[in-house]
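Following the working numbering, the residues of the sequence shown are numbered contiguously, the last one being 462.
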Amino acid sequence: MKKKESDNLMDKIVSLTKRRGFVFPSSEIYDGFTAVYDFGPYGVELANNIKKEWWKTMTQYRDDIVGLDSAIFMSPKIWEASGHVKGFSDPLTECKKCHARLRLDALLEEAGIFADEKMTEEEINKIFEANRDKVKCPQCGATDFTPGKKFNLLVQANLGNFTGDWTKEPTYLRGETCQGIYVNFKNVLDSARVKIPFGIAQIGKAFRNEITALQFIFRTREFEQMEMQYFVKPGDDSKYYEEWKAARWKFYLDLGLSAANLRWHQHENLVFYAKEAYDIEYKFPFGFKELEGIHARGDYDLTQHSKFSGKDLSYLDPTTNEKYMPHVVETSAGVGRTFLAVLTEAYCEEELAGETRIVLKLAPKIAPIKIAIFPLLKNKPELVAKAREVYDALKLVWRCEFDDNGNIGKRYRRQDEIGTPYCLTIDFDTLENSEVTVRDRDTMKQEKIKITDLEKFFREKI
Ligand code: ATP
Numbered sequence: 001m002k003k004k005e006s007d008n009l010m011d012k013i014v015s016l017t018k019r020r021g022f023v024f025p026s027s028e029i030y031d032g033f034t035a036v037y038d039f040g041p042y043g044v045e046l047a048n049n050i051k052k053e054w055w056k057t058m059t060q061y062r063d064d065i066v067g068l069d070s071a072i073f074m075s076p077k078i079w080e081a082s083g084h085v086k087g088f089s090d091p092l093t094e095c096k097k098c099h100a101r102l103r104l105d106a107l108l109e110e111a112g113i114f115a116d117e118k119m120t121e122e123e124i125n126k127i128f129e130a131n132r133d134k135v136k137c138p139q140c141g142a143t144d145f146t147p148g149k150k151f152n153l154l155v156q157a158n159l160g161n162f163t164g165d166w167t168k169e170p171t172y173l174r175g176e177t178c179q180g181i182y183v184n185f186k187n188v189l190d191s192a193r194v195k196i197p198f199g200i201a202q203i204g205k206a207f208r209n210e211i212t213a214l215q216f217i218f219r220t221r222e223f224e225q226m227e228m229q230y231f232v233k234p235g236d237d238s239k240y241y242e243e244w245k246a247a248r249w250k251f252y253l254d255l256g257l258s259a260a261n262l263r264w265h266q267h268e269n270l271v272f273y274a275k276e277a278y279d280i281e282y283k284f285p286f287g288f289k290e291l292e293g294i295h296a297r298g299d300y301d302l303t304q305h306s307k308f309s310g311k312d313l314s315y316l317d318p319t320t321n322e323k324y325m326p327h328v329v330e331t332s333a334g335v336g337r338t339f340l341a342v343l344t345e346a347y348c349e350e351e352l353a354g355e356t357r358i359v360l361k362l363a364p365k366i367a368p369i370k371i372a373i374f375p376l377l378k379n380k381p382e383l384v385a386k387a388r389e390v391y392d393a394l395k396l397v398w399r400c401e402f403d404d405n406g407n408i409g410k411r412y413r414r415q416d417e418i419g420t421p422y423c424l425t426i427d428f429d430t431l432e433n434s435e436v437t438v439r440d441r442d443t444m445k446q447e448k449i450k451i452t453d454l455e456k457f458f459r460e461k462i
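Structure follows, in structure tokens:
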């Protein structure tokens, strides 16, 4: 039977990911570093598999999208052009009792009052004043706060600036990856033989000085984005927007998330240049929250960069000779949030012979380890040698793990907890008839397979 109690599900996921080496708090031996996390040995495999699936879906399977890997540091002028230096901010308030720094829009939302991070300081403070009695500090319960103040989320750095007071002319760690795509639009156009409509996809780190970052890897100050900008002819926006909405929804179903745990959220308060904005939300243990944003951004970004750089970024249609500024449909997802969503979906506890079996029912294609290979007994050299031989062959194709520690039951439990879909045991019969026992993680059913058929068997399954 499957048990899922959402109240402590989050604690269970945090504990499992630490215990089994998926996620570690950053700088732990130095008492940690707020809102930054490290991926451990299994975490890096899972994150890489998620990225691989995204990259394949967005580039390899399409002939209209190319990839890019732009640098984290860019000219600071880019962040002025994009509007981040002036406008990339969240409203910050401080609890006067416990001095917790909190995001005002989130506080109001918690209290059931509509607010948005895009509101001006004045707008949001007006709502705050009118609802003072309804808002409580989530940390100490007090109701006395400082007025909301806009706090810029860009992370500053002194790269290449050797003056004492570099904060006057800072560089920035990128707040989103897509600006690297916009500023390379012409380079890609001139070199990659692409024609509109086409897209540029990129996976990379982004940095934001998030005010509150309390939900594990959901909101971190350093994170990874998977973004794609699709450049279209003005007027074609809605057609491609709908196509991308459908494609991105399907991506999450293909990763193993269930439709019942996904929903659309339409932005009520669009930024002035946006034509349409929806988020795909996932039901995390702490409620439905944004997993990915899909935005029709018009020609805002290319126009801004044309203005600020003085370089014409418009497009000349080679067949019709029409010249126009392309419009953009953007899909913007987070690696960390997808990682947490697939873990939330996969985490199961089952009663098994009076004990609790914890199992991560991850889709095999994203499971960190695909196949675990066990010799039945550690002290029988002929079993160990045979198991090594099978392991050495399969590891060339899939990420495998060899384990000869403890009894088989314990080895199964360990692989269940890290989501390994198949365990394979070599016993004395194997030496006689070249058959191994393959055990399925979800059904726990076992079947005998000939060693020579293993590759074919797993190719069909994984
Ligand atoms: P939120 O409203 O939750 O702060 P956002 O609307 O600012 O998110 P976008 O700027 O649209 O997010 O970024 C696109 C995607 O990048 C998000 O859907 C999310 O998956 C990821 N992302 C953004 N900020 C963070 C963060 N601080 N930590 C982890 N992932 C993030």
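Cβ coordinates follow ideal geometry from the N, Cα and C atoms, glycine included.
With a threshold of 6 Å, the Cβ atom of S309 does not count as near the ligand ATP, since no heavy atom of the ligand is closer than that.
Comparing alpha-carbon positions, the option among A35, A47, T303, I13 lying closest to K186 turns out to be T303. Per DSSP, G419 is not a residue of any beta strand (DSSP E), being assigned neither H nor E. The Cβ-Cβ distance between A333 and R297 does not fall below 7 Å. For A71, same chain residues with a beta-carbon under 8 Å away, outside a window of 5 residues either side, are G180 in chain order. Note on geometry: alpha-carbon atoms of N125 and K149 lie some 9 Å from one another. The C-alpha of F39 is placed about 28 Å away from the C-alpha of R459. Fewer than three Cβ pairs drawn from the stretch 152–159 and the stretch 121–141 lie within less than 8 Å of each other, which leaves the two stretches out of contact. Segment contact: the stretch 95–104 against the stretch 201–209, fewer than three CB-CB distances shorter than 8 Å; contact not assigned. In this structure Y61 is exposed. Its beta-carbon is surrounded by fewer than 16 other beta-carbon atoms within 10 angstroms. Taking 6 Å as the cut-off, the C-beta of R101 does not count as close to any heavy atom of the ligand ATP. Rounded to whole angstroms, the separation of the alpha carbons of I408 and E243 is 48 Å.
Taking 3 residues as the shortest admissible run, the stretch 63–91 contains the following complete beta strand (DSSP E) segments, listed from N- to C-terminal end: 65–68.
Judged by their CB atoms, N152 and S89 are nearer to each other than the 7 Å cut-off. Residue pairing by DSSP places Y347 opposite L360 in a beta bridge.
Listed as beta-bridge partners of R263 by DSSP are E281. For Q229, the enclosing beta strand (DSSP E) covers residues 222–232. A contact between stretches requires three or more CB pairs, one per stretch, nearer than 8 Å, and the stretch 413–424 meets this requirement with the stretch 358–370. In the three-state reduction of the DSSP assignment, D440 falls in the strand class. With contact defined as three or more Cβ pairs closer than 8 Å, the stretch 325–342 and the stretch 286–297 are in contact. In this structure, the C-beta of E110 stays at least 6 Å away from each heavy atom of the ligand ATP. The beta carbon of E382 is closer than 7 Å to those of L431 in its chain, skipping five residues each way along the sequence. Rounded to whole angstroms, Q229 and N405 show a C-alpha spacing of 48 Å. In the structure shown, D312 falls within a coil segment according to DSSP collapsed to helix, strand and coil. Of all alpha-carbon atoms in A35, K56, Y42, the one lying nearest the alpha-carbon of F251 is that of K56.
By the neighbour-count definition (other C-beta atoms within 10 Å, threshold 16), W79 is a buried residue. Secondary structure at D236: coil, using DSSP grouped into helix, strand and coil. Residue pairing by DSSP places S332 opposite E227, G293 in a beta bridge. Judged by their CB atoms, A111 and K96 are not nearer to each other than the 7 Å cut-off. In the displayed model, A115 falls within coil according to three-state DSSP, outside both helix and strand. Listed in chain order, the alpha helix (DSSP H) elements of length 4 or more contained wholly in the stretch 128–202 are 178–183, 185–191.
The alpha carbon of T171 has as its nearest neighbour, out of K77, T143, R208, the alpha carbon of K77. Here Y42 is not near F24, since their CB atoms are 7 Å or more apart.
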